[in-house]
Each structure stands twice: as structure tokens, then as C-alpha cells.
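607 is the number that the numbering used here gives to position 43 of the sequence shown; each next residue is one higher, with no gaps.
From the three backbone atoms N, C-alpha and C, an ideal C-beta is built for every residue, glycine too.
In this text the structure is predicted, and so the values were computed from the model without any measurement.
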Amino acid sequence: MRELRDYAEGAVEKGALAVILVGSLARGDYTAFSDADITIIIEKTDERPMDRTVRYMEPKMSIDIDLRVYAIKEIRIMIEKRARTIEEIAKHGILLGGDERIIEEIRKIMKIKHLGSP
565 MRELRDYAEG AVEKGALAVI LVGSLARGDY TAFSDADITI IIEKTDERPM DRTVRYMEPK
625 MSIDIDLRVY AIKEIRIMIE KRARTIEEIA KHGILLGGDE RIIEEIRKIM KIKHLGSP
């Protein structure tokens, strides 16, 4: 986990607002073959998803990273659509670095949406 937190610190230095661990490592049901599923939230971007992801890749990590980079605007759209990624962040996400208010706000909004659903 220390290596992932160090990675997150570097991502924040590159402009990430929040670095969130999701997937099996966050849920605790990982195996020896699991990778680290990481969602990075950034302010805004005009870059294609693949181009923005390259900026946050770290080939020297001892664990494989499955990386997703989203702008705040995209996160808002995903919240409205109740995207699986957002539900995973709300339920199991672990903030590795950045602004804790972002993950707290996602959890708050998703809780309200869940309570308001039929």
C-alpha cells in the first residue's frame, strides 16, 4: 500500500485532484494475480482518454496498474448515469492521495440517489 500511496503523491504533483483505489484491492478480495485498479480525477482536459492516461503511467511499479483518468465534468455525467465506476468508488474506494472532499462528495451524492431510487 505504501508504494501505491507514493504513486498517488506523484500523481497529485502532476495535477491529479484525487487518486482512488477501487477493485479487488479496495474490496479486500484480491488474489496474487490482482492488479491495482486506480481512478484518477483531474480538473479538466481536452486530451483523449488514452493521452491523459499516459501522463500518469508508472512503469516501475511492482504491481500492475489498471488506470482510468476522468475529468470532473465526466465524473458528474457518470454520477447522473449511476455508472458502475462511480458506484465502486462510493462503496469501496480508498483515497490514496489528493482531496478527500471529492470522494466524500461522490459518496454523499450516490447515497442520496440510492435513497431516492424506486
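- Message: Under 8 Å: do the stretch 639-656 and the stretch 565-581 share three or more Cβ pairs, one atom per stretch?
- Response: no
- Among 641, 607, 614 and 630, which has the Cα closest to the Cα of residue 597? Sorting 641, 607, 614 and 630 by C-alpha distance to the C-alpha of residue 597 places 630 at the top.
- Message: Which of the three DSSP states is assigned to residue 603 in this structure?
- Response: strand
- Query: To the nearest angstrom, how far is it from the Cα of residue 681 to the Cα of residue 666?
  - Reply: With a pLDDT of only 49 at residue 681, under 50, the local geometry of the prediction cannot be trusted, and no value is derived from it.
- Message: By the three-class DSSP mapping on this structure, what secondary structure does residue 574 have?
- Response: helix
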